[in-house]
Structures are given as C-alpha cells and as structure tokens.
Amino acid sequence: RDARTKVMNLDGWTAINAQIPPPERRGLVLIDPPYEVPGEIERLGAHLARAVAKWPTGLFLAWYPIKDTAVLDRMVRDLGAALPRPALRLDLLIDRPGDPTRLTGSGLIVVNPPWRLAEEAMLFLPALAERLARQDFGGFRCDPIGPAD
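For the sequence shown, the working numbering gives the first residue as 2, with consecutive numbering after it.
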C-alpha cells in the first residue's frame, strides 16, 4: 500500500465535487458510473466539465458504454466546448450501432492524456476491434475533443 494512493468508497457524483481539487498537484480520477439511471451519460459530461474547471491539471479517465450514439455524441460535443484544452475520446465498437438499448461498445474520455496515448491507441484499438468484433463488425475511434478539435 502506498501512502500517496487514496481509494474512497463514496457516491462518485458527490465525491467528484467534494474531493476536487486534491492537495496534490497531480493525480488520476477514474470515473466509472453504473449507468443504470437514465441521463447518466449527460451527467458524466456535466460533472467532468465542472471537475476539470476546478482542477485543470488533473488526469481524468471516464468510462462509458456505447448504446445511444446520438446522446453520447451530444455529451462529447458539449463537454468539448467546456474544456480548456483538447482531451481524447477512445471508442471500441464490437457490434453495429443502431439499437440504443444494446451495448455495442465501450469508450473512454481521457482529459490531460499522457504523452503519445493517441499514437499508442492507434496501435491497439484496430487489433482489439478485429479480435472482439461480432458478426464481422468491429470499429474504433481515437479523436481529440475540445478546443481546436
């Protein structure tokens, strides 16, 4: 156990507002909501934008399921407009999008991504999409979001 590491068992939406910014200058915030309540995709974008405004140097990693691509794309667009610098959107699709009730992939938003993450993702995402594809469909995206995207 490392004294610099902190794991908390709190409601994430409460914690992200209460614990940001931490006393440390650097850190990672992992956001992985259950997505069981309608509107959590939109909630993710709003809370992430507020957290980044409070701690612009923090590394934020937010996972989301890919079901309703219209809702997801709207959240990413709105989040991008609120960010002070570009972030990274990484999506892995294992099935054709279309039915908003079915999981067709997973995605990550990475705010303040590590150097060369986009280049590295372009090496592993195509291989994962090919290996995990259902019914001969696999896809991916690795896109900047935010200012100048």
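Where is the CB? At the ideal position from N, CA and C, for every residue including glycine.
- Burial check for Asn113: the Cβ neighbour count within 10 Å reaches 16 or more, so the residue is buried.
- The straight-line gap separating the alpha-carbon atoms of Pro22 and Ile32 is approximately 15 angstroms.
- Unbroken beta strand (DSSP E) stretches of 3 residues or longer found wholly inside the segment 54-80: 60-67, given in chain order.
- For the 8 angstroms CB-CB criterion, Thr105 and Asp96 form a contact.
- Secondary structure remark: continuous beta strand (DSSP E) runs of at least 3 residues inside the segment 8-32, in chain order: 29-32.
- In the DSSP annotation of this structure, the continuous segment of the alpha helix (DSSP H) that includes Phe125 starts and ends at 118-133.
- Rounded to whole angstroms, Val77 and Pro24 show a C-alpha spacing of 29 angstroms.
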